[in-house]
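Taken in sequence, the protein lines are chains A and B. Residue numbering for the first sequence follows the numbering used here, beginning at 18 and increasing consecutively. Residue numbering for the second sequence follows the numbering used here, beginning at 1101 and increasing consecutively. Beta carbons: idealized from backbone N, C-alpha and C, even for Gly. First up is the structure itself, then whatever we jot down about it.
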Amino acid sequence: MIRRTLLATAAAGLTLAFGAPAMAQDVTKACFVYVGPIGDGGWTYQHHQGALAVKEAYGDKVEIAWQESVPEGADAERVITQMALSGCNIIFTTSFGYMDPTNNVAAKFPDVKFEHATGYKREHPNVSTYNARFYEGRAVVGHIAGKMTQTNKIGYIASFPIPEVIMGINSYFHHAKLANPDVELVVTWAYTWFDPAKEADAARAMLDQGVDVITAHTDSTAPLAEIAKEGGKAWGFGQASDMAAFTTNDDGTPGPRIASIIDEWSPYYVKRVGQLMDGTYGQIDSWAGMPEGEVVIGPMNDAIPDDVKAEAQAMIDAITAGEYHPFTGPINKQDGSAWLAEGETADDGTLLGMNFYIEGITGDIPN
Amino acid sequence: MDLSNINPILLVASIMISATPILLAAIGEMVVEKSGVLNLGVEGMMITGAVIGFIIAINTGSPLLGFATAAIAGAVLSLAFGVLTQIFLSNQVATGLGLTLVGLGLSSLLGKPYEGQKTVTLPKLDIPILSDLPVVGRMLFSHDIMVYVSLGIVVAVWAFLKHTRAGLILRAVGESHESAHALGYKVIRVRMLAIMFGGACAGLGGAYLSLVRVPQWTEGMTAGAGWIALAIVVFASWRAGRVLVGAYLFGGITVLQLNLQAAGMTWGVQYLSMSPYLITILVLVLISSNRSRGSHNAPANLGQTFHATR
């Protein structure tokens, strides 16, 4: 215990000693903690694009640093502490599981700014949270899925039963159902963010059971590679990143990736680091979406008929303009009880704590 | 829940594909452990095989060449482990873990330019008569060549260990290197060859992941498969036949639980995905609680360093 206290004191001392000169040199150091490898082609890749955008925007005035494949939990706390000690002025922790580690470290380094992605805990004034309204993207691909399915069975590879994912499932299904009343949703829980073989297996299990449009809430491109084996009889979407390699097959025919939901973190990262540099930085809870350019639908390929493309584009435009909220009533909960009345839209609090399926989805949410 | 959605033919077919990487890695590791060496670097050799196989396949257009090179790459990497542990007598556990870390780092470095690229994959075989049989044709006889190669390796390893003189020597080295040495057998040489065989098999297993099962390269794509292979060897109590059962069980349960979920079952799937590990622990407890039965079967000199002068 004594050793730990000593370390903590030394840590605080070091920040005092080195934190100040770093500011004086006028170079802001922005650091990023990633849950997967940058090469996942999805979630972490996009965060890293955001980090590079910060460097691009401010050049010599910023320095960026990052650490890949940091496990959620105790290891994360060590990594974040290390970053704070090494003179980072602002640290972005980019996965839900870093929530408690981020807040714990923030308590020890009041002069360092912490930004936690997709969480809700801001226990200290130097912790901000940010998230993107991915459900807006899920709404658009849900509409496309409803129109594209031939078997009337669409699939969702889910990661963990957290509100973020349940929100995505509900939005996807709701809009598929609006587009195609006969549609049925199959949800498979992978219990991982990143395991290409397992993600491929999950896609395979659904394809074997007649599902022909699949969206994934996991981080790799493996589900698309598995869908590609069906040779144009099944479709999927890029997740987190555009996954453009699957847009067109080698023979020129449309590939399995018919559209994608892109997480565009660059505007947020550039804005926040900029605010830190010009002194306008404050604690916030950011939840931006299509209007702010944080959620983007990647190019739709030619497998999608033109009228469906037009409908999807109309929905994108309406959401971007703030005219349409993907959770607009009437929507009932799974048990048939009323959730949103005609024309009513969901409030953010309910969405962020979402722990129920909407009417029409079969099965239960695992604990 | 609608279990009728699960097509048993497709289920068995996808279990066979899903289990092949861990089967290859596990059977190789079993031979290594039979010779008395514990190589914990399976994960590192697998992922190196995965990346090398992918790079060669994409540049030459030949997946088979990719597999061959992956096997060589796995063997070369394991040779480093062999030299360190057998000649320089380093600690096998630490060196094996180091090998895993080296493999993960090396593969991510080599694989950077190949992320997101697509490769040619192995075609499914169309075996005359057999592939056309109803039910079993689609279930068992319409896979790619590597599925049958992996099964062939299992049979070959079984026959080698049980029915050949060389296999007997390898087992003798694993059970008592002192005695084997006294009898004039080259302990280090036997172990080196076993280690390289294990590396080659792990390389093949990794290449199966990147060339057939997922068909793409993604950093860290083995995601713990090497550790499962190690668990299977223990589960199988160092017997080739049981390695096959273990690999198909581990692979099968993953695929089965995903299929059950897709069919609408939500209760208990977590327990099902946990079960292979629970079964391994259970088997370990059972076999170690009753040593008198002689079923423990672990090579007596497993993990011990050998030096001829001692």
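Item                                                                                                                                   : Value
Alpha-carbon to alpha-carbon, A217 of chain A and A276 of chain A                                                                      : 19 Å
Any chain B beta carbon closer than 8 Å to T379 of chain A                                                                             : yes
Residues that I174 of chain A bridges to, as DSSP identifies them                                                                      : A:T205, A:A233
Nonlocal neighbours in the same chain, by C-beta distance under 6 Å from N1397 of chain B, ignoring five residues either side          : S1337, W1338
Among A:G253, A:P284, A:K288, A:G370, the one whose alpha carbon lies nearest that of G272 of chain A                                  : A:G253
Touch test, the segment 1236-1244 of chain B against the segment 1108-1116 of chain B, Cβ-Cβ under 8 Å, three pairs minimum            : yes
DSSP state of L357 of chain A mapped onto helix, strand, coil                                                                          : strand
Of the residues A:G310, A:M371, A:S258, A:V230, the one placed nearest V158 of chain A, counting alpha carbons only                    : A:V230
Y147 of chain A - partner residues in DSSP beta bridges                                                                                : A:A134, A:S303
The segment 191-205 of chain A touching the segment 281-289 of chain A, judged by at least three CB pairs closer than 8 Å              : no
Unbroken beta strand (DSSP E) run spanning R274 of chain A, endpoints                                                                  : 274-280
Meets three-Cβ-pair contact criterion under 8 Å: the segment 202-214 of chain A and the segment 48-66 of chain A                       : yes
Interface partners of G1298 of chain B on chain A, CB under 8 Å                                                                        : By Cβ distance, chain A contributes nothing, its closest Cβ being about 21 Å from G1298 of chain B, past 8 Å.
Chain-order list of residues whose beta-carbon lies under 6 Å from that of A1157 of chain B (same chain, five-residue window excluded) : P1163, G1166, T1219, L1311
Cα-Cα separation between T1120 of chain B and G1351 of chain B, rounded to whole angstroms                                             : 8 Å
Simplified DSSP assignment, three categories, for P271 of chain A                                                                      : strand
Three-state secondary structure (DSSP) of A39 of chain A                                                                               : For A39 of chain A, the pLDDT reaches just 43, beneath the cut-off of 50, and the residue's location in the model is therefore unreliable, although a value from the coordinates is still provided. DSSP places A39 of chain A in helix when its eight states are reduced to three.
Nearest residue (CA-CA) to P142 of chain A, options A:G339, A:A123, A:G136                                                             : A:A123
Chain A residues whose Cβ lies nearer than 7 Å to that of R1313 of chain B                                                             : A214, A217
For H1277 of chain B and F1181 of chain B, believed in contact at Cβ under 8 Å, the rounded distance                                   : Between H1277 of chain B and F1181 of chain B the Cβ distance is about 17 Å, and since that is not below 8 Å, they are no contact.
Own chain residues within Cβ distance below 7 Å of F373 of chain A, not counting five before or after                                  : K350, Q351
Within chain B, partners of M223 of chain A - CB distance below 7 Å                                                                    : A1362
8 Å Cβ cutoff, V182 of chain A in contact with chain B                                                                                 : no
Residue-level contact to chain D via CB, Q226 of chain A, 8 Å cutoff                                                                   : Among the protein chains in the structure shown, which are A and B, there is no chain D.
Backbone secondary structure at C48 of chain A - three-state DSSP                                                                      : strand
For D220 of chain A, the nearest candidate out of B:T1409, B:L1402, B:I1379, B:T1354 (CA to CA)                                        : Reading off the sequence shown, one finds Ala at residue 220 of chain A, where the question assumed Asp. The candidate whose alpha carbon is nearest that of A220 of chain A is B:T1354.
Beta-bridge partners of N349 of chain A, as assigned by DSSP                                                                           : A:A355
Supposed contact pair I321 of chain A and I161 of chain A - C-beta distance, whole angstroms, cut 8 Å                                  : 6 Å
Residue-chain proximity (D57 of chain A, chain B), Cβ-Cβ < 8 Å                                                                         : yes
Residue burial classification, H1263 of chain B (beta-carbon count within 10 angstroms, cutoff 16)                                     : exposed
8 Å Cβ cutoff, Y208 of chain A in contact with chain B                                                                                 : yes
Whole-number beta carbon distance between G1306 of chain B and G1153 of chain B, since they are thought to touch under 8 Å             : 7 Å
Contact set between I1106 of chain B and chain A, taken where Cβ atoms lie within less than 7 Å                                        : Q226
Amino acids of chain B, ordered along the chain, whose beta-carbon sits closer than 7 Å to that of V203 of chain A                     : A1362
Candidates B:Q1370, B:I1379, B:L1304, B:I1288: closest to Q1186 of chain B by CA position                                              : B:I1288
Outcome for Y115 of chain A when other beta-carbon atoms lying within 10 angstroms are tallied against a minimum of 16                 : buried
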